[in-house]
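In what follows, a single structure is set out as structure tokens and then discussed.
Numbering (this note's numbering), first residue to last: 1438 to 1776.
Structure (structure tokens):
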């Protein structure tokens, strides 16, 4: 598995002008690297911490900076996958991690890529297998996790969302109340999100002046196809069934809850556009949960059906990756051939 994630790190580090936001981040890097440039919070939509990080890497160049962010993310993905996924399910989970849209989007959203990598490393070494009740939230490791995520706010303000992850560990197991809360949230997002949340986010955006480049729409945003949404609903049903009916440890419970939260945010892409980008921080849990569900399902026929359906879904997404039009920003380009 180390070889797979090492290849992923190299693949991400040696990309050139790919994906679509690459030129924008490259332009910002050269702008921020200019010693005479003064950061202006009123006109720079990137956070001050990102500005400072660009300044720090100015002597090394943009390509080294891309490699740094890519390696942090690849290492974070490696340590969390190694900890959670048994070897027998690694091919399915790892392929899913790399061919789904969130992986490409994170490469494009470079600030979110770095924050996600830092989050995964912090989660693995500070949270995973270390929270067993409310008192655990006040232990040194958990407080250090909060401090690290707070630092990430200076790279991407939406990292605030990750502050809530440890609290999922203290929610009860097999709780109908938890599922009811998720169900109500799902219905609200699907049926009423475009009526209420769009206006709220537009007003917040106008008052704060933050993320003015984002567009919130009450119409279908195009981020989730009908087939994708159907598969995510299937996953949500399977995970909720295991959550309510089977035995599991506290870490497995948290991963199931994170995955269901991720699915709800993904489905919200039908009406809330870029709000669905929050799921990219935690999208990997929606695939790592495959292993938990496959192990817990009773009856070989149910287990085999679940695994086959997910293999078909992941392969279908892999085929889409290899049908990218040539000569576009969505086509991978190797740095070594474009210097």
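Built from N, CA and C at the ideal position, the CB exists for glycine as well.
As the structure is a computational prediction, the values presented were derived from the model and not from experiment.
One or two residues paired with residue 1452 in a DSSP bridge: Looking at the DSSP assignment, residue 1452 forms a beta bridge with 1771.
Backbone secondary structure at residue 1685 - three-state DSSP: In the structure shown, the three-state DSSP call for residue 1685 is coil.
Pairwise C-alpha distance: residue 1510 and residue 1504: Per the coordinates, the alpha-carbon of residue 1504 lies some 10 Å from the alpha-carbon of residue 1510.
C-beta atoms of residue 1445 and residue 1556 nearer than 8 Å: Not closer than 8 Å, so no.
Own chain, CB closer than 7 Å to residue 1769, minus 5 neighbours either side, in chain order: For residue 1769, where only same-chain residues beyond five positions count, the Cβ hits under 7 Å are 1452, 1455.
Close-in-space but distant-in-sequence residues of the same chain around residue 1663 (CB under 6 Å, 5 per side omitted): Its chain contains no residue whose beta carbon lies nearer than 6 Å to that of residue 1663 once the 5 sequence neighbours on both sides are disregarded.
Euclidean distance between Cα positions of residue 1554 and residue 1595: Rounded to whole angstroms, residue 1554 to residue 1595 spans 14 Å at the Cα level.
Contiguous alpha helix (DSSP H) assignments of at least 4 residues, all confined to the segment 1440-1484: Complete alpha helix (DSSP H) runs here, min 4: 1459-1470.
Contact set for residue 1533: own chain, Cβ-Cβ below 6 Å, skip 5 residues either direction: Taken in chain order, the residues that qualify are 1724, 1751.
Whole-Å CB distance - residue 1729 paired with residue 1689, under 8 Å assumed: That belief holds up - the Cβ atoms of residue 1729 and residue 1689 are roughly 5 Å apart, short of 8 Å.
is_contact[residue 1563, chain B] using C-beta, thresh 8 Å: Protein chain content of the structure displayed is limited to a single chain, and chain B is not contained in it.
For residue 1522, the three-state DSSP class (helix, strand or coil): Looking at residue 1522 - three-state DSSP - the assignment turns out to be coil, as it is neither helix nor strand.
Inter-residue Cα distance where the pair is residue 1613 and residue 1698: Distance between the alpha carbons of residue 1613 and residue 1698: 16 Å.
Nearest-angstrom beta carbon gap, residue 1695 and residue 1727 [assumed within contact, 8 Å]: Contact check for residue 1727 and residue 1695: beta-carbon distance about 13 Å, past the 8 Å limit, so the pair fails to qualify.
Helix, strand or coil at residue 1566 according to DSSP, with G and I counted as helix: Coil at residue 1566, not helix or strand.
Meets three-Cβ-pair contact criterion under 8 Å: the segment 1676-1684 and the segment 1602-1622: Contact holds: three or more Cβ-Cβ distances are below 8 Å.
Local conformation of residue 1513 per DSSP, three classes: DSSP places residue 1513 in helix when its eight states are reduced to three.
Enclosing alpha helix (DSSP H) for residue 1623 [first to last residue]: For residue 1623, the enclosing alpha helix (DSSP H) stretches over residues 1613-1624.
Extent of the continuous alpha helix (DSSP H) to which residue 1714 belongs: No alpha helix (DSSP H) contains residue 1714, which DSSP labels as neither H nor E.
8 Å Cβ cutoff met for residue 1547 and residue 1499: For the pair residue 1547 and residue 1499, the CB atoms are not nearer than the 8 Å cut-off.
Whole-angstrom C-beta distance between residue 1442 and residue 1514, which should lie under 8 Å: Cβ-Cβ separation between residue 1514 and residue 1442: approximately 6 Å, consistent with a contact (criterion under 8 Å).
Stretch pair the segment 1469-1483 + the segment 1523-1531: three plus CB contacts closer than 8 Å: Judged by pairs of C-beta atoms under 8 Å, the segment 1469-1483 does not touch the segment 1523-1531, as fewer than three such pairs exist.
C-alpha distance - residue 1522 paired with residue 1489, whole-angstrom precision: Distance between the alpha carbons of residue 1522 and residue 1489 is about 36 Å.
Beta-carbon proximity check, residue 1718 vs residue 1540, cutoff 8 Å: No, Cβ-Cβ distance for residue 1718 and residue 1540 is not below 8 Å.
C-beta contact flag for residue 1700 and residue 1672 at 8 Å: Cβ distance < 8 Å, so residue 1700 and residue 1672 count as in contact.
Cβ-based burial, residue 1669 [other Cβ within 10 Å; buried from 16]: With 16 or more other Cβ atoms within 10 Å, it is buried.
Environment of residue 1657 [buried if 16+ CB atoms lie within 10 Å]: Low confidence applies to residue 1657: its pLDDT is 42, below 50, so where it sits in the model is not reliable enough to give any reading.
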